[in-house]
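Structure first, commentary second.
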Amino acid sequence: MQNEIQETGTPEIPPVDPAVPDATVPTRAPRRHGRGRTTLLIAAALVLGAVAGTVTGYAVQYHRPPTALPPLAQQKLDSPKALAPDNATTAKSINANRWHKTDGDLTDLLIEAPAGAKVEAEGYDTLDSFATTFEKPDFALRSDVKDGFRRLATRVWTQGDVLVEVRLVQYRDFAGADEYQKSQASYMPGKGSAGNDGVAVPGVPAELGHVWIDSEAHAEPGYMPVRQGRAIVRRGDIVLDVFYFDKRGRAISEGDVLDLAKRQLERL
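Position one of the sequence shown corresponds to residue 1 (UniProt numbering), numbered consecutively onward.
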């Protein structure tokens with residue numbers, strides 16, 4: 001048995017002929033080169049070419065003489081001569097070229113009360129007090145703060161049974177003034193207000209200025225009937241708001257309200 005184990009346990013390995021390839025021994029496949037490296041090299045070359053072209057263009061432009069600009073239509077511009085500051089120097093005098101008269105005291109721009117009228121109030125009004133003149137003061141206050149309310153100058157006078165209030169409502173930019181003018185004008189044609197479309201102020205685009213006269217007097221129990229005329233006009237960042245009341249509810253002349261509006265616009 002021992003001889004059998006020795007014979008079958010170590011089989012004889014036939015010699016390998018080097019001239020004949022062995023089919024059982026795997027051979028290495030030839031290496032194949034893909035296109036990834038070639039594509040990367042081409043892309044890099046394109047980028048370098050673009051950069052080189054840009055640098056060359058800047059270099060050429062840098063060495064060229066600058067192109068002369070065309071001459072101004074007005075060679076000498078009129079401007080105030082600069083002066084040294086002294087005791088009379090103010091913010092207005094320093095910024096003379098940028099100062100607008102509506103940046104000064106607004107009360108100086110209010111039209112005067114007519115002869116024989118009694119001035120009831122005049123000067124600046126606060127935003128809180130201004131908001132209380134609306135049906136919803138809290139909403140009006142928030143809206144004016146959002147729209148950039150700046151200040152309000154007002155003058156009120158009475159003459160017989162007529163009461164007139166002129167307001168100059170100023171905002172920090174045109175957008176705020178435009179919002180106020182449009183929001184107030186939007187409800188005036190309603191039945192609870194004038195009840196008609198009103199008329200445009202001469203010389204002012206219809207969308208920027210209108211005058212309304214109440215179609216009928218408004219009466220509440222316990223109060224005398226009241227009729228109102230109103231002018232709302234925007235001029236830049238200021239809204240001219242004129243209220244004209246007849247405390248007996250009599251007809252109001254449209255021309256009287258238009259005249260007030262035109263006179264106030266001239267002052268602006």
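Where is the CB? At the ideal position from N, CA and C, for every residue including glycine.
Integer-rounded CB distance, given that residue j should sit under 8 Å from residue i
| i | j | result |
| --- | --- | --- |
| F130 | L152 | 5 Å |
| D237 | Q170 | 6 Å |
Beta-carbon proximity check, residue i vs residue j, cutoff 8 Å
| i | j | result |
| --- | --- | --- |
| R234 | L268 | no |
| L168 | D144 | no |
| P107 | Y124 | Looking at the sequence shown, residue 107 is not Pro but Thr. Closer than 8 Å, so yes. |
| F139 | G176 | no |
| L240 | A261 | yes |
| V211 | V257 | yes |
| I232 | Q181 | yes |
| A200 | G209 | yes |
Neighbour-count burial assignment, residue i, 16 or more Cβ in a 10 Å radius
| i | result |
| --- | --- |
| R155 | buried |
| F245 | buried |
| R64 | exposed |
| F174 | exposed |
| V119 | exposed |
| R230 | buried |
| A29 | Since pLDDT at A29 reaches only 48, below the 50 mark, its modelled position is unreliable, and the value read off the structure follows with that caveat. Classification of A29: exposed, given that the 10 Å Cβ count is below 16. |
| A194 | buried |
| Q264 | buried |
| I252 | buried |
| D86 | exposed |
| R250 | exposed |
Residue closest to residue i, alpha-carbon to alpha-carbon, out of the options
| i | options | result |
| --- | --- | --- |
| R248 | T67, M224, Y62 and V239 | M224 |
| N196 | Y187, P66, A50 and D147 | Y187 |
| P114 | A59, V166 and I252 | V166 |
| R172 | L163, K146, A44 and Q184 | K146 |
| T158 | Q184, A117, L141 and R142 | A117 |
Contact test: residue i Cβ vs the ligand NAD heavy atom, cutoff 7 Å
| i | result |
| --- | --- |
| V166 | In terms of ligand content, the structure shown is empty, and the ligand NAD therefore cannot be addressed. |
According to DSSP, residues forming a beta bridge with residue i
| i | result |
| --- | --- |
| V242 | V166 and A231 |
| V156 | A121 and E165 |
| I213 | G229 |
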